[in-house]
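Student:
In the working numbering, the protein residues as written are 165 to 577.
(1) CA-CA distance, residue 206 and residue 298?
(2) Excluding five sequence neighbours on each side, which residues of the same chain lie with their C-beta closer than 7 Å to the C-beta of residue 200?
(3) Roughly how many angstroms lie between the CA atoms of residue 383 and residue 351, to the nearest whole one?
(4) State the beta-bridge partners of residue 219 as determined by DSSP.
(5) Could you name the residues that DSSP lists as bridge partners for residue 562?
(6) Check this for me: beta carbons of residue 310 and residue 407, under 8 Å apart or not?
(7) Please state if the CB of residue 442 and the CB of residue 412 are separated by a distance shorter than 8 Å.
(8) Which of the three DSSP states is assigned to residue 490 in this structure?
(9) Given a threshold of 16 other Cβ atoms within 10 Å of its Cβ, counted over all protein chains shown, does residue 312 qualify as buried or as exposed?
(10) Mind checking which residues open and close the beta strand (DSSP E) that includes residue 365?
(11) Return the residue from the list 456, 497 and 335 that minimises the CA-CA distance to residue 356.
(12) Assuming contact is defined by CB atoms lying nearer than 8 Å, are residue 561 and residue 245 in contact in what I supplied?
(13) In whole angstroms, what is the alpha-carbon distance linking residue 454 and residue 465?
(14) Using DSSP with H/G/I as helix, E/B as strand and the rest coil, what is residue 540?
(15) For residue 558 and residue 260, which I take to be in contact (beta-carbon distance under 8 Å), what is that distance rounded to the nearest angstrom?
(16) Nearest-angstrom Cα distance between residue 495 and residue 550?
(17) Below 8 Å on the Cβ atoms is my guess for residue 235 versus residue 270; work out the distance and round it to an integer in Å.
(18) Helix, strand or coil: which one does DSSP assign to residue 325?
(19) Classify residue 238 as helix, strand or coil using the three-state DSSP reduction.
(20) Where does residue 233 sit, in a helix, a strand or coil, going by DSSP?
(21) How would you write the range of the beta strand (DSSP E) that residue 497 sits in, first residue to last?
(22) By a C-beta neighbour count over all protein chains shown, 10 Å radius and 16 as the cutoff for buried, is residue 172 buried or exposed?
(23) Assign residue 240 to one of two classes, buried (16 or more other C-beta atoms within 10 Å of its C-beta) or exposed (fewer than that).
(24) Considering only the alpha carbon of each residue, which of 342, 396 and 191 lies closest to residue 524?
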């Protein structure tokens with residue numbers, strides 16, 4: 165995972181700056197960053213070749229003053245306690261900004277899921293639950309998919325936890341529909357990006373129909389963002405995958421791209437489209453540049469090539485602090501990740517509520533409630549940004565920090 169340290173520094177610096185602007189003492193700032201519990205477990209498994217492999221599993225539970233801990237579980241060789249700790253803190257602020265009754269957590273296992281067989285992956289997941297089950301649960305800590313994990317892994321967690329405590333679908337979100345998953349969960353983050361872009365355009369008074377967008381990344385988030393923006397009248401002129409980028413000045417045939425990607429596994433050589441480099445994609449003139457891949461994509465080295473009017477952070481921390489400073493001087497508005505990509509955690513919240521109520525919501529209700537929450541959050545952020553004369557990121561962090569501090573004050577921490 166490239167530029168991990170730089171990507172996370174955006175969060176730590178933004179939180180420190182928010183605490184300073186709000187006049188919080190060092191002790192209050194420490195409370196906002198201090199984790200309630202940090203857990204590390206050793207997970208030995210016997211691989212299919214008979215060899216013993218030992219992995220490290222982590223779960224950091226940050227704050228639960230506003231509700232149960234909530235956060236993803238990632239499988240990646242570079243997972244470590246420091247990374248998980250920072251991401252747990254970020255999740256606390258994200259749920260607070262969305263004003264949903266959840267806290268923040270994050271977890272992971274330092275494995276490469278692509279190098280494990282399905283049996284090995286299932287064994288690793290179930291053993292992780294066996295070591296962690298006393299610290300998770302529907303009213304304590306709810307896990308969700310993240311990098312390297314998916315609905316199948318959430319299903320195994322649900323199964324293993326339920327074997328201990330009885331049927332407990334609310335222990336995880338992002339599950340398959342037939343195990344209690346929510347309608348709209350797969351598209352939630354990408355759809356949420358389009359909702360936030362629409363809210364920004366409405367507030368700024370600029371027409372969204374006919375605007376142009378460039379999307380770095382064509383995975384789950386980038387693909388759904390592209391289709392949802394197209395439905396709003398936005399002309400998506402370029403997208404990319406890990407190998408190449410595709411450009412069409414009059415707009416892309418997104419359906420054709422998806423079909424080509426499914427059949428060949430790449431965006432190369434798509435009929436009627438021009439392949440360009442990743443560097444050329446970032447330099448395209450557009451209204452909205454949407455990094456939807458990994459963190460640290462926009463750095464001091466490539467920021468001068470950007471030619472966008474708005475940058476929307478669909479990925480976590482795609483813009484380093486140095487690059488952000490340069491973009492702000494050029495009056496490029498940055499919609500921060502804590503707002504732009506929050507659709508996933510909001511629909512995860514809906515799934516948790518449905519599981520607790522033993523009721524399934526239809527898709528139209530999920531979409532309606534997601535629109536309401538994200539439009540309210542975007543309005544709050546843009547209003548504070550305007551009233552205080554600060555960036556959207558600064559405004560988002562101030563709102564979230566105040567809500568967490570208010571909850572901590574109310575509990576007496």
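Glycine residues also receive a C-beta, built at the ideal position from the N, C-alpha and C atoms.
Tutor: With the structure as the only source:
(1) Taking the straight line joining both Cα atoms gives about 16 Å.
(2) 225, 226, 227 and 228
(3) 11 Å
(4) 207
(5) Note: residue 562 sits in no beta bridge, so no partner.
(6) In this structure, residue 407 does not lie closer than 8 Å to residue 310 by Cβ.
(7) no
(8) helix
(9) Buried is the call here.
(10) Careful: residue 365 lies outside any beta strand (DSSP E), inside the alpha helix (DSSP H) at 352–368.
(11) The candidate whose alpha carbon is nearest that of residue 356 is 456.
(12) no
(13) In a straight line, the C-alpha of residue 454 is about 18 Å away from that of residue 465.
(14) helix
(15) The pair is not a contact, with the Cβ atoms about 15 Å apart (cut-off 8 Å).
(16) The alpha-carbon atoms of residue 495 and residue 550 are separated by roughly 14 Å.
(17) 4 Å
(18) helix
(19) strand
(20) DSSP places residue 233 in strand when its eight states are reduced to three.
(21) 497–499
(22) Any reading at residue 172 must be qualified, since the residue scores a pLDDT of 45, below 50, and its modelled position is unreliable; no value is offered.
(23) buried
(24) 342
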